[in-house]
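So in the numbering used here, spot 42 of the sequence shown is number 589, and the numbers just go up one at a time.
All residues carry an ideal CB built from backbone N, CA and C; glycine is no exception.
The next block holds one structure in the form of structure tokens; read it before the comments.
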Amino acid sequence: YRKAADQGNADAQCSLGIMCFEGLSVPQNFKEALVWHRKAADQGQDKAQFALGSMYAQDHGVPQNYKEAVVWVRKAADQGLADAQGCLGKMYWKGQ
Numbered sequence: 548y549r550k551a552a553d554q555g556n557a558d559a560q561c562s563l564g565i566m567c568f569e570g571l572s573v574p575q576n577f578k579e580a581l582v583w584h585r586k587a588a589d590q591g592q593d594k595a596q597f598a599l600g601s602m603y604a605q606d607h608g609v610p611q612n613y614k615e616a617v618v619w620v621r622k623a624a625d626q627g628l629a630d631a632q633g634c635l636g637k638m639y640w641k642g643q
């Protein structure tokens, strides 16, 4: 994934972000996960947008920021990502 991610492949960047976040085959590193998710999210990758929003909502690698979380989760939800749509509904229900 690293080579493709370094070449700008958004799906590979998202996958590498997940690997860093979860500690899968690499040491767990929320800051590194944030970098890769942001690169992919900026290219419109829906799962990365959702992951980035979740990181802001849960204080993983960045200070908790519900306003920023909603922005990113909404982008993923607007693309039809069902998990993001459900999460966005919960965020609104909780007043976030």
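| query | result |
| --- | --- |
| Assumed close pair Asp558, Gln592 - CB separation to whole angstroms, cut-off 8 Å | 7 Å |
| Limits of the alpha helix (DSSP H) - the one that Val652 falls within | With the chain running from 548 to 643 in the structure shown, residue 652 is simply not present. |
| Exposure label - Lys594; buried when at least 16 CB within 10 Å | buried |
| Backbone CA spacing between His607 and Phe577 [nearest angstrom] | 6 Å |
| Leu628 versus Ala598 - alpha carbon distance | 11 Å |
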